[in-house]
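*Asks:*
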Amino acid sequence: MSQFNEQETSSRLSPQRDASSGSARLERLTALERRLNRGASPLLDAVQDPQPFDANHAKRIEFRRLVDPGIIRPNSKEVALRSLHTLSTIAENLLREPENPKFRQFKPTNTIIKRDIVDPKGTLEYVVAMGFRPEVDQFQPYYTFNGKHLPDLRIGAAILREALQTVGKEEDEGLKVRIAKAEEELRIKRAKEAFMEDRRAQALRTERERKIRSQEGVAQAQSPIPGGHVDDLELELD
C-alpha cells in the first residue's frame, strides 16, 4: 500500500517536473537565440542594407582613369604635370569660393588655359567631368561650372590631389635614384683617379731609382783601381 502510494505520488509529480524542466530549457534557448541575434545583427544589417558601401567608388575610378591613362600617357611628363596643377588650381579655387563668378567660369582662349587645358590631350574631358560645360556668351566661348555637379567637383579635386602626391613621390624617388647614381659615379671616378695617381707616382719612383742605379754604375766604372798605377806595378816586378 505504501509502495503504491509512493508510485502514485511519483506519477502525479513527474509531469510537473517535466513541465518545469521544459520551461527552463525553452527559456535558455530563447535567451541563446536573443544573444545570437544581437551578435549577428551588424552582419545582417550589412547584408540587408540596400545602400552600397561606397557610393562614390565608381566615380573615383572614372576620375582616376581620366588622369591615367587619360592625361598622363598621351602627353609628355612635363605637360601632364603642368596640366594636373592647373586643373587642381581650378578645382580648389572653386571649392574654396563656390559662389565667386571668377572661379565658376574660364575662357578657353586664355593663354594658360589654352596651354594647360585646351591643347593637351584628356584635360578638357576632366574639366567636363568635374561639372564645367562649354557655352557662348556675347560671342565669347566659356566653360561654366554647373552647381549641381558640386559632388563631382569634390571627387575630381580629391583625385587630382592624390595624383599630384603620387607624381611628387615618384619625382622624389627619381631624384633620390639620380643622386645615388651620381654619387656612385663620382665615387668610381675618384677611385680611378686615385688609382691612376698611384700608378704615376710608382712610375716616377721607379724611374728615379733606375736613374740613381744608372748613375751609380757610371761612377763605379770611372773610379781608379785601388793600389796605385800600372807603372808602379811594373817597376815592382823588375
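In the numbering used here, the protein residues as written are -14 to 223.
Backbone N, C-alpha and C fix where the C-beta goes; we use that ideal spot for every residue, glycine too.
(1) Where does GLN123 fall in DSSP's three states?
(2) Mind checking whether ILE97 and THR129 have CB atoms under 8 Å apart?
(3) Buried or exposed for THR191, going by 16 or more other Cβ atoms inside 10 Å?
(4) For THR129, which three-state DSSP category applies?
(5) State buried or exposed for ASP101, treating a residue as buried only when at least 16 other CB atoms are found within 10 Å of its CB.
(6) Between SER73 and PRO105, is the Cβ-Cβ spacing less than 8 Å?
(7) What whole-angstrom Cβ distance do LEU79 and ARG139 have, given they're in contact under 8 Å?
(8) Check GLN205 in the structure and name its three-state DSSP category.
(9) Quick check: the stretch 142 to 151 against the stretch 49 to 63, are there 3 or more CB pairs under 8 Å?
(10) For ARG193 and SER199, what's the separation of their Cα atoms in angstroms?
*Replies:* On the basis of the coordinates in this document:
(1) Reading the sequence shown from its first residue, position 138 is the one you call residue 123. Coil.
(2) The residue you call residue 97 lines up with position 112 of the sequence shown. The residue you call residue 129 lines up with position 144 of the sequence shown. Cβ atoms of ILE97 and THR129: not closer than 8 Å.
(3) Taking the sequence shown and counting its residues from 1, the one referred to as residue 191 is at position 206. Exposed, by the Cβ-count rule.
(4) Sequence index remark: in the sequence shown, residue 129 carries index 144 (1-based). Strand.
(5) Residue mapping note: residue 101 aligns to position 116 of the sequence shown, counting from 1. Burial call: buried.
(6) Counting from one through the sequence shown, the residue named residue 73 turns up at place 88. Counting from one through the sequence shown, the residue named residue 105 turns up at place 120. For SER73 and PRO105, no; Cβs fall outside 8 Å.
(7) If you number the sequence shown from 1, residue 79 lands on position 94. If you number the sequence shown from 1, residue 139 lands on position 154. LEU79 to ARG139, Cβ: 10 Å. No contact.
(8) Here residue 205 is taken as the residue at index 220 of the sequence shown, counted from 1. Helix, per DSSP.
(9) yes
(10) Within the sequence shown, the letter at position 208 stands for residue 193. Within the sequence shown, the letter at position 214 stands for residue 199. So the alpha carbons of these two residues sit roughly 10 Å apart.
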